[in-house]
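Accompanying notes for the structure given below.
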Amino acid sequence: MQFARINDVTIHYQVIGAPADRPVIVFVNSLGTDFRIWRDVVVRLAGDYAIVLYDKRGHGLSDLGQLPASIEDHATDLAGLLDLLSVKNAVICGLSVGGLIAQSLYQRRPDLVGALILSDTAHKIGTAESWNARIAAVEQNGIGSIVDAIMERWFTPAFRRPENTAYSGYCNMLTRQPVEGYIAACEAIRDADLTEAAKRITLPTICIVGDQDGSTPPDLVLSTARLIPGARYEVIPDCAHIPCVEQPEALTAIIRAFLTSISPGESSP
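First residue of the sequence shown: 37, per my numbering; consecutive thereafter.
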């Protein structure tokens, strides 16, 4: 396991190398997960691309850090990690809150970003009322009290079958995240509005969404794609909010096709 001290926060990360002429893809995971969610995509891309994975603060094996922590703070963490690894012009692939972090990173440090893959995310996610209600539920009764409702947004009914052991595993992943870290990330998402920042993105960008996403529905993701000049838009069938888990082959194919069509720059850690 690899750890770095970034902005007084211990960050858990992993680097998978590739030949020096290959682009770097940085994966930024969603709320209530750690970087293991990307495994089935990473195994399909490893060797062809250098890969950086990490647990954002308050999730997985990373520190909680000082609170409150905004999306800008998360972007500063990622910038510090990429500076440590001497990575520039990376392809940033962000899922859900990871997509907010990716957009914020480009806003703050455009030298680090060569292209954006925004998966199941938006320029603004949810309302203050919806986030405050979720925060209150977790504060009062723990993450376990919201698992069923969250899983209905994360995964399709076909994935949520009782005999699917992977489904049980992802329920465990959610409930075992640090409560303080989960609440802090909810607050960061609640307070983030990147509408104006999205309009100023000038990099190759693709917005991707599962056709049954209950957290960032297709219409919301499409509205974000329309804000970003020249952004592409793809819908993954039979998929909800976490395509890297539910439809990794389809997501990988979209990522490969997108990267083949652009030249975002090259830098291997």
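Where is the CB? At the ideal position from N, CA and C, for every residue including glycine. Predicted model, so just to flag it, every value in this text is computed and none were measured.
Around the beta carbon of N65, a 10 Å sphere encloses 16 or more other beta carbons of the protein chains shown; the residue is thus reported as buried. Look at the segment 61-134 and you find these whole runs of alpha helix (DSSP H), each 4 residues long or longer: 75-81 and 107-120. For E270, no alpha helix (DSSP H) encloses it; the enclosing beta strand (DSSP E) starts and ends at R268 to I272.
Taken in chain order, the unbroken stretches of beta strand (DSSP E) that lie wholly in the segment 135-217 and span 3 residues or more are 149-155.
It is roughly 18 Å from the alpha-carbon of P214 to the alpha-carbon of I107. Rounded to the nearest whole angstrom, the C-alpha separation of L152 and R236 is 13 Å. In the three-state scheme derived from DSSP, where H, G and I count as helix and E and B as strand, R58 is classed as coil.
Burial state of R226 is buried, judged by a 10 Å Cβ sphere holding 16 or more other Cβ atoms.
Residue state for C280 is assigned as helix, using DSSP reduced to three classes. Per the coordinates, the alpha-carbon of A289 lies some 24 Å from the alpha-carbon of L263. Shortest Cα-Cα distance from L121 to any of A40, P253, G205 and E223 involves A40. Closest in C-alpha terms to Q248, from the list L239, N177 and F195, comes F195.
Per DSSP, the unbroken beta strand (DSSP E) holding A40 starts and ends at Q38 to I42. Pairing G266 with R144, the inter-Cα distance amounts to about 21 Å. Annotation for T241: the continuous beta strand (DSSP E) segment containing it runs T241 to G246. Take the alpha-carbon of A82 and the one of T69: they are about 21 Å apart.
T46 is bridged by DSSP to R41.
Leaving aside the five residues that flank D99 on each side, the residues in its chain whose CB is nearer than 7 Å to its CB run, in chain order, V45, T46 and R93. Burial state of R170 is buried, judged by a 10 Å Cβ sphere holding 16 or more other Cβ atoms. Burial check for D255: the Cβ neighbour count within 10 Å stays below 16, so the residue is exposed. One thing to note: V60 has its Cβ within 8 Å of the Cβ of V127. Around the beta carbon of M37, fewer than 16 other beta carbons sit within 10 angstroms, so the residue counts as exposed. P55 has its alpha-carbon roughly 33 Å from the corresponding atom of M209. In the three-state reduction of the DSSP assignment, I290 falls in the helix class, which pools H, G and I.
Our two residues, V62 and Y49, have alpha carbons roughly 11 Å apart in a direct line.
Under a 10 Å Cβ-count criterion, A228 is classified as buried, with 16 or more other Cβ atoms of the shown protein chains found around its own Cβ. Under the three-pair Cβ rule at 8 Å, the segment 196-203 does not count as touching the segment 131-138.
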